[in-house]
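Undergrad: Have a look at this one before I ask anything.
Protein chains: 2
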Amino acid sequence: MITIAVDAMGGDQAPRPEVEGSVLAAREFGVRVMLVGRPDAIRAELARHAAPNLPIEVVEASEVITMEDHPAQAFRRKKNSSVHVAARLVHDGRADAMVSSGNTGAVMTTARFILGTLAAVDRLALAAPLPNAKGGVTVLLDVGANVDSKPEHLVQFAVMGEIYYRAAFGARRPRLGLLSIGEEEMKGNELTREVNNRLKNLPIHFIGNVEGGELFSGKVDVVVCDGFVGNIALKISESLAMEIFGLLKKALKSSISSQLGYLFSRKAFRGLKKHIDYSEYGGAPLLGVRGVCVIGHGRSDANAVKNAIRVAAGLTRAKINEKIEQELAAVPVSV
Amino acid sequence: MITIAVDAMGGDQAPRPEVEGSVLAAREFGVRVMLVGRPDAIRAELARHAAPNLPIEVVEASEVITMEDHPAQAFRRKKNSSVHVAARLVHDGRADAMVSSGNTGAVMTTARFILGTLAAVDRLALAAPLPNAKGGVTVLLDVGANVDSKPEHLVQFAVMGEIYYRAAFGARRPRLGLLSIGEEEMKGNELTREVNNRLKNLPIHFIGNVEGGELFSGKVDVVVCDGFVGNIALKISESLAMEIFGLLKKALKSSISSQLGYLFSRKAFRGLKKHIDYSEYGGAPLLGVRGVCVIGHGRSDANAVKNAIRVAAGLTRAKINEKIEQELAAVPVSV
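This is the structure:
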């Protein structure tokens, strides 16, 4: 049985959604869950669910990393944090994968140092699954595990992202694009021109440069970029979607007739919100670590936690790391 | 009287919105307009408006640059294009400013070579005004006039963007932010760390690094980044907003009750669409050229063209280039 260590103290509402999501996952996916954090708080939440026979274990961690903590400092100073203990469980082989909705920087730093990096991997990459207009998912990576990446790093991100897409979304031959500012291969900056050149020679379905406008079009499955650009792209997308929904809500409350309109159309809104809701897509895996690490949004609800556990279990089952090692070993050092 | 040369052949629907927008602008803003392009097509459109006494002149240009044309090739080969002729009118002092909704790359290349660059400016910057959640405008620059910028270029973009914001949006002391991946000054890539350091020492209201999520929050007025990042940010924002509206429309047509809901709430939707509609904000000025050049969206309607002319006239009146020369001269070469 696959075992997932869940950081129960990570998200903004912790440990409530973490515990509920774990109960749902244990029930639906047949996985074992180790809930890591403050036992009293976790048990109080567990008591709210009828879950006596589920394979859920509570593992004590006395410290909590907050969203305000500095990642490297938190890693050094809070050795008993729930993130730290969850990573140790994976490192020691007691769990196959870890899931956290905590401080993304701290989770990445902790996973990088405690789990370590796969032999074939030079740099980890954080991969964000985003809903697209075709009703599918487009994965963007790296969204912030690195800044100032070199061409060979982006090539590795491409290979890892492609393997993740196959494992998580079932596409046999995902279309991979390089985020740039023009579709022609000579368009872009120094980095993308070099990376374009290298990706052309790999045995993947590389469709060339894609512009920012393609991220949500559904015409590409995996989009590769450096972590600086990817992080900005991700944050802009999240905030713009939130702002538009916020403005919409305000507009709909602005008159009696539009309020009435809202009553009639709210089912349609909910459907739309569900489609663009990050929580359906199961968090962002940190690719390239030994073991599996999936990072959820700080705002994760129980459904988001459940789906992150599903993805972590799926990547474990798919032996994603063996595939990464094999396929990266086949990439020429200088393509 | 301020004279604006309008590329009548640039946009996707040209010359209809260009002519209508020019008629509206001549009527409302007391500017003179030179409509540049194919005289027959322009006059046919002009005949649809009761505009015999307006200060509108038709200037012949026999060639048209399409969206598919390669910018540098179009510049070299189509010397009689409407973009080329409009730029010549500004260069020769017959017009104060040019407005085009054509191929952005071709307009930038043509303006750069024909108008030339201000003495104090090393690199031009394209500045995009974006609606924010507070009902105001946030300007993002550079959105694609350059790739691979150096720190001194971003410092110049900051100074130019700040002057443009004051001239176009009336803020006395706009808040300027540097687009990066963390608010602390040491966060970011090599480029942003160096630029942050230099901007701190300028006499502008620099609020430090801002993350992607702040672009639409209304907490910052001018956001500086390199052209690669800015172009991707702009295209993602445009396409995401379009996709959400598309999905919304689809969702609202999905049932009788939601269709009814739409009928009651469509005024609210229109208000929202107007708020996030690029056409209200008057196109993107190419900052740093001798003369004024405002580039509209290819999808520009008459209202967008009218507003682009308003902005071009306003920047001319505000003597934006004199201010750029003065203020850049005061920036230490190595801050």
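Chains as they are written, first to last, in our numbering: chain V, 1 to 335; chain F, 1001 to 1335.
Each residue gets a CB set at the ideal place from its N, CA and C atoms; glycine is no exception.
Quantities reported herein were computed from a predicted structural model and do not represent experimental measurements.
#1: Candidates V:309, V:312, V:300: which alpha carbon is nearest residue 11 of chain V's?
#2: Among V:160, V:50, V:166, V:80, which has the Cα closest to the Cα of residue 330 of chain V?
#3: Three or more C-beta pairs closer than 8 Å, one from the region 1202-1209 of chain F and one from the region 198-211 of chain V: is that the case here?
#4: Which of the three DSSP states is assigned to residue 335 of chain V in this structure?
#5: Specify, as a first and last residue, the run of the alpha helix (DSSP H) that residue 29 of chain V falls within.
#6: Which full runs of the beta strand (DSSP E) of 3+ residues lie inside the region 90-164 of chain V, going along the chain?
#7: From residue 1325 of chain F to residue 153 of chain V, what distance separates their C-alpha atoms?
#8: Would you list, in chain order, the members of the region 285-306 of chain V that have their beta-carbon closer than 9 Å to a beta-carbon of chain F?
#9: Report the rounded CA-to-CA distance for residue 1168 of chain F versus residue 1100 of chain F, giving the unit in angstroms.
#10: CA-CA distance, residue 1089 of chain F and residue 1006 of chain F?
#11: Quickly, what does DSSP pair residue 1292 of chain F with across the bridge? List them, please.
#12: Could you tell me the alpha carbon to alpha carbon distance between residue 1060 of chain F and residue 1081 of chain F, rounded to whole angstroms?
#13: Is there a C-beta anywhere in chain V that falls below 9 Å from the one on residue 1237 of chain F?
#14: Report all residues from its chain with a CB closer than 6 Å to the CB of residue 234 of chain V; omit the five preceding and five following residues, and keep chain order.
#15: By the criterion of Cβ-Cβ separation under 8 Å, what are the contact partners of residue 1241 of chain F in chain V?
#16: Quick check: residue 1218 of chain F and residue 236 of chain V, are their CB atoms within less than 9 Å of each other?
#17: Distance check for residue 1305 of chain F and residue 1027 of chain F, CA to CA, integer angstroms please.
#18: Mapping the DSSP letters down to three states, classify residue 1309 of chain F as helix, strand or coil.
#19: Is the CB of residue 101 of chain V under 9 Å away from at least one CB in chain F?
#20: Within the 9 Å Cβ cut-off, does residue 1335 of chain F reach chain V?
#21: Indicate whether the contact test is met: 3 or more Cβ pairs, each with one atom in the region 1065-1080 of chain F and one in the region 1029-1045 of chain F, closer than 8 Å.
#22: What residues in its chain sit with their C-beta under 6 Å from that of residue 1335 of chain F, if we drop five residues either side in the sequence?
#23: In this structure, how does DSSP classify residue 1012 of chain F when only helix, strand and coil are distinguished?
#24: To the nearest angstrom, how far is it from the Cα of residue 1164 of chain F to the Cα of residue 1190 of chain F?
#25: Can you look up residue 301 of chain V in the DSSP assignment and give me helix, strand or coil?
#26: So residue 1148 of chain F contacts chain V; which residues on that side make the cut at Cβ distance below 8 Å?
#27: Locate the beta strand (DSSP E) running through residue 61 of chain V, then write down its first and last residues.
#28: Could one say the Cβ of residue 132 of chain V lies closer than 9 Å to chain F's Cβ atoms, at least one of them?
#29: Indicate whether at least one CB of chain F lies closer than 9 Å to the CB of residue 332 of chain V.
TA: Walking through what the data contain:
#1: Looking only at V:309, V:312, V:300, the smallest Cα-Cα distance to residue 11 of chain V is reached by V:300.
#2: Comparing Cα-Cα distances from residue 330 of chain V to each of V:160, V:50, V:166, V:80, the minimum goes to V:160.
#3: Contact fails between the region 1202-1209 of chain F and the region 198-211 of chain V, because fewer than three Cβ pairs, one in each stretch, are under 8 Å apart.
#4: Here residue 335 of chain V scores only 47 on pLDDT, less than 50, and its place in the model should not be relied on; the value that follows carries that caveat. In this structure, DSSP gives residue 335 of chain V a state outside helix and strand, which the three-state scheme calls coil.
#5: Counted as a single uninterrupted DSSP element, the alpha helix (DSSP H) harbouring residue 29 of chain V occupies residues 16-29.
#6: Complete beta strand (DSSP E) runs here, min 3: 97-100, 125-131, 137-141.
#7: Roughly 41 Å between the two C-alpha positions.
#8: Per Cβ criterion, the list is empty.
#9: Distance from the CA atom of residue 1168 of chain F to the CA atom of residue 1100 of chain F, rounded to whole angstroms, is 18 Å.
#10: Their Cα atoms are separated by approximately 10 Å.
#11: Here residue 1292 of chain F is bridged, per DSSP, to F:1097.
#12: Cα to Cα, the separation comes out at about 9 Å.
#13: Chain V, which has a Cβ nearer than 9 Å to the Cβ of residue 1237 of chain F, makes this yes.
#14: Listed in chain order, the non-local C-beta contacts of residue 234 of chain V below 6 Å within the same chain comprise 128, 143, local neighbours out to five positions each way being set aside.
#15: By Cβ distance, chain V contributes 240, 244.
#16: No, the Cβ-Cβ distance between residue 1218 of chain F and residue 236 of chain V is not below 9 Å.
#17: If you take the alpha carbons of residue 1027 of chain F and residue 1305 of chain F, they lie about 13 Å apart.
#18: In the structure shown, residue 1309 of chain F adopts helical secondary structure according to DSSP, grouped into three states.
#19: It does not: the Cβ of residue 101 of chain V has no partner Cβ on chain F nearer than 9 Å.
#20: With a pLDDT of 47 at residue 1335 of chain F, under the threshold of 50, the modelled position of that residue is not reliable, and no figure is offered here.
#21: Result no; under three Cβ-Cβ pairs closer than 8 Å.
#22: With a pLDDT of only 47 at residue 1335 of chain F, under 50, the local geometry of the prediction cannot be trusted, and the value read off the model is given with reservation. Excluding positions up to five away in sequence, the list reads 1198, 1201.
#23: Collapsing the DSSP output to three states places residue 1012 of chain F in coil.
#24: Whole-angstrom Cα-Cα distance: 27 Å.
#25: Shown here, residue 301 of chain V sits in coil according to DSSP, grouped into three states, outside any helix or strand.
#26: Residues of chain V passing the Cβ test: 189, 190.
#27: Annotation for residue 61 of chain V: no beta strand (DSSP E) segment contains it, and DSSP assigns it neither H nor E.
#28: Yes, its Cβ sits closer than 9 Å to a Cβ of chain F.
#29: At a cut-off of 9 Å between beta carbons, residue 332 of chain V makes no contact with chain F.
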